[in-house]
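What follows is a short report on a single structure.
Residue numbers (this note's numbering): -16 to 372.
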């Protein structure tokens, strides 16, 4: 091994020790989260409703129903319509009780389920994945920089693994299953690491984009070749000086407008900040249920429901489109079941790499110790035979 590779190996080993535990936890929770929609759909009947040939109830009615269960909830809940065959959800922040999801039939308003979201298994898994169950400000930094380290480990791992001779390449791409367990472990670390490397890098980089805003901005700027799109950066403000004499429900009018202008959308998520005079109501219209890539965004004046900002998917910059698909890529749902399976397997391999790496280090450490003992024993034996002190 060349001096350069020895230095790379030293750095690779110790960075692995530093970030290994976090990588294992983040990777395993990532595996669990990949199929969370499918698992929950199989377990919970309330996640499906019978499709009816009539329009959804307006958000004002859904909010009114939800507030009957928690009258002390904060004023501006999030309202989500998740598809024709799925319940509408009113997400209520309730003082002292936390966030509650009230699942309602979107056609009739019938109560289906009250979920304390902090007790949902997959939400707990997600919080471990994102923050290690630490306070978000601290946990996000630990996870984020551990993943930065992991990206460096993947790159240095490829440098260390890359076979020097062409004759070694075929052997390097296969696991020697009939070898000793240490050889199998060595191959699992190197060969599986190589095959998963490209997917692991994509998962890591999309995860970093979730953790760090500067990564998101960097991707946007890089894809847009440094060009700025003012329409995307515009921050709309409601006009509190021109309120109508007869109050209207801007949520309902805004929802109707979004439905008309995004006729192909299957999922709508609404949120607003009406506590502030300049706060607006925002509606995201997603073209496919439970997928977040392709969407139109509307911002409305909270007093008049006047559209203040409309950003259609086809008019978005390439950088914004890439960032919009970040979540779907990260959880593997960008191309459906095949990419979910790929993301699951890649995450599983990522979880194994720190473990197999430690076993390799431990085996080499013990091997060196045995060699030293054998050398000392041989020297002592030779001295006894020669009679020298």
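Just so you know, even glycine gets a beta-carbon here, dropped at the ideal spot from N, CA and C.
Mapping DSSP to helix, strand and coil, what is residue 76?
Here the question's residue 76 lines up with position 93 in the chain shown. The DSSP-derived three-state label of residue 76 is strand.
Checking 7 Å against the spacing of the C-beta atoms, do residue 268 and residue 286 come in under that value?
Start at 1 with the first residue of the chain shown, and residue 268 comes out as number 285. Start at 1 with the first residue of the chain shown, and residue 286 comes out as number 303. Residue 286 is positioned such that its CB atom lies no closer than 7 Å to that of residue 268.
Cutting at 7 Å between CB atoms, please list the residues of its own chain near residue 11, excluding the five before and the five after it.
Position 28 of the chain shown holds residue 11. If we look at residue 11 and ignore the five residues flanking it on each side, its Cβ neighbours are 334.
Residues bridged to residue 284 by DSSP?
Translated into positions along the chain shown, residue 284 becomes position 301. DSSP output for residue 284 lists 263 as bridge partner(s).
Which residues in the same chain have their Cβ closer than 8 Å to the Cβ of residue 34, if we skip the five residues on either side of it in sequence?
To locate residue 34, count along the chain shown from 1; it is residue 51. For residue 34, where only same-chain residues beyond five positions count, the Cβ hits under 8 Å are 67, 68.
When burial is assigned at 16 or more other CB atoms within 10 Å of the CB, is residue -15 buried or exposed?
Here residue -15 refers to the residue found at position 2 of the chain shown. Residue -15 comes out exposed.
If you run the structure through DSSP and keep just helix, strand and coil, what is residue 96?
By one-based count along the chain shown, residue 96 stands at place 113. Residue state for residue 96 is assigned as strand, using DSSP reduced to three classes.
Using CA atoms only, rank isn't needed, just tell me which of 346, 255, 314 is closest to residue 59.
Residue mapping note: residue 59 aligns to position 76 of the chain shown, counting from 1. Minimum Cα distance to residue 59 is reached at 255.
If you follow the beta strand (DSSP E) that residue 290 is in, where does it begin and where does it stop?
Walking along the chain shown from the start, residue 290 turns up at place 307. Residues 290 to 294.
Cβ neighbours of residue 6 in the same chain (closer than 7 Å, five flanking residues each side left out)
Position 23 of the chain shown, counted from the first residue, corresponds to residue 6. Hits under 7 Å: 129, 133, 333, 337.
With C-beta atoms as the reference, is residue 85 less than 7 Å away from residue 73?
By 1-based counting over the chain shown, the position of residue 85 is 102. By 1-based counting over the chain shown, the position of residue 73 is 90. In contact: residue 85 and residue 73 (Cβ atoms closer than 7 Å).
C-alpha distance - residue 264 paired with residue 64, whole-angstrom precision
Locating residue 264 in the chain shown gives position 281, counting from the first residue. Locating residue 64 in the chain shown gives position 81, counting from the first residue. When rounded, the distance between both Cα atoms is 16 Å.
Bridge partners for residue 192 per DSSP, in chain order?
As a working mapping, residue 192 is identified with position 209 in the chain shown. According to DSSP, which records beta bridges pairwise, residue 192 is partnered with nothing at all.
So does residue 158 have its beta carbon nearer than 6 Å to some heavy atom of the ligand COA?
Judged by which ligands are present, the structure shown has none, so any question about the ligand COA falls away.
What are the residues that DSSP puts in a beta bridge with residue 63?
By one-based count along the chain shown, residue 63 stands at place 80. Beta-bridge partners assigned by DSSP to residue 63: 72, 252.
Using only CA atoms, which one of 306, 292, 272 lies nearest to residue 20?
If you number the chain shown from 1, residue 20 lands on position 37. Minimum Cα distance to residue 20 is reached at 272.
Residue 2 (DSSP reduced to helix, strand or coil)
Position 19 of the chain shown, counting from 1, holds the residue named residue 2. Helix at residue 2.
Since residue 283 and residue 233 should fall inside the 8 Å C-beta cutoff, what is the C-beta to C-beta distance between them, to a whole number of angstroms?
Indexing the chain shown from 1 puts residue 283 at position 300. Indexing the chain shown from 1 puts residue 233 at position 250. Sure, about 6 Å apart at Cβ, within 8 Å.
On the CB-based measure, 16 or more other CB atoms within 10 Å of its CB, does residue 189 come out buried or exposed?
Taking the first residue of the chain shown as position 1, residue 189 is located at position 206. Note on residue 189: 16 or more other CB atoms within 10 angstroms of its CB, so buried under the neighbour-count rule.
Using CA coordinates, which residue listed in 346, 347, 341 is at the minimum distance from residue -1?
Counted from its first residue, the chain shown places residue -1 at position 16. Residue 341 is the option with its Cα nearest to residue -1.
Please return the same chain residues whose Cβ sits closer than 7 Å to the Cβ of residue 101, not counting the five positions on each side in sequence.
Locating residue 101 in the chain shown gives position 118, counting from the first residue. Listed in chain order, the non-local C-beta contacts of residue 101 below 7 Å within the same chain comprise 81, 82, local neighbours out to five positions each way being set aside.
I'd like the span of the beta strand (DSSP E) that includes residue 274, first residue to last.
Residue numbering aside, residue 274 sits at position 291 when the chain shown is read from its first letter. In the DSSP annotation of this structure, residue 274 is not part of any beta strand (DSSP E), being labelled neither H nor E.
On a Cα-Cα basis, can you pick out the residue from 274, 288, 156, 3 that is closest to residue 226?
Counted from its first residue, the chain shown places residue 226 at position 243. With distances taken between Cα atoms, residue 226 lies closest to 288.
Let me know the secondary structure DSSP gives residue 269 once reduced to three states.
Within the chain shown, residue 269 is the residue found at index 286, counting from 1. Here residue 269 sits in strand by DSSP.
So, with DSSP's three-state summary, where would you put residue 232?
By one-based count along the chain shown, residue 232 stands at place 249. Residue state, collapsed to three classes: coil.
Reduced DSSP secondary structure (H/G/I, E/B, other) of residue 86:
Taking the chain shown and counting its residues from 1, one reaches residue 86 at position 103. Strand at residue 86.
Is DSSP giving residue 81 helix, strand or coil here?
The residue labelled residue 81 in the question sits at position 98 within the chain shown. Correct three-state label for residue 81: strand.
Measuring straight from C-alpha to C-alpha, what distance separates residue 23 and residue 30?
On the chain shown, residue 23 is found 40 positions in, with the first residue counted as 1. On the chain shown, residue 30 is found 47 positions in, with the first residue counted as 1. In this structure, the CA atom of residue 23 is about 8 Å from the CA atom of residue 30.
How many angstroms separate the CA atom of residue 117 from the CA atom of residue 237?
In the chain shown, the residue the question calls residue 117 occupies position 134. In the chain shown, the residue the question calls residue 237 occupies position 254. A direct Cα-Cα distance of roughly 38 Å separates residue 117 from residue 237.
Using 8 Å for Cβ pairs, my map puts residue 219 next to residue 291. What's the rounded Cβ distance?
For this step, residue 219 is matched to residue 236 along the chain shown. For this step, residue 291 is matched to residue 308 along the chain shown. Taking C-beta atoms under 8 Å as the contact rule, residue 219 and residue 291 qualify, at a distance of about 4 Å.
Going by other Cβ atoms of all chains shown within 10 Å of its Cβ, with 16 needed for buried, is residue 260 buried or exposed?
Residue mapping note: residue 260 aligns to position 277 of the chain shown, counting from 1. With fewer than 16 other beta carbons inside 10 angstroms of its own, residue 260 counts as exposed.
Assuming residue 195 and residue 127 are in contact, meaning their beta carbons sit under 8 Å apart, how far apart are those beta carbons, in whole angstroms?
Translated into positions along the chain shown, residue 195 becomes position 212. Translated into positions along the chain shown, residue 127 becomes position 144. About 6 Å separates the two Cβ atoms, so the contact holds.
Assuming residue 157 contacts residue 174 under a Cβ cut-off of 8 Å, what Cβ separation, rounded to an integer in Å, is found between them?
For the purposes of this step, residue 157 is taken as the residue at position 174 of the chain shown. For the purposes of this step, residue 174 is taken as the residue at position 191 of the chain shown. Contact between residue 157 and residue 174 holds, since their C-beta atoms are separated by about 7 Å, short of 8 Å.
Tell me where the alpha helix (DSSP H) around residue 21 begins and ends.
Walking along the chain shown from the start, residue 21 turns up at place 38. The continuous alpha helix (DSSP H) containing residue 21 extends over residues 19 to 26.
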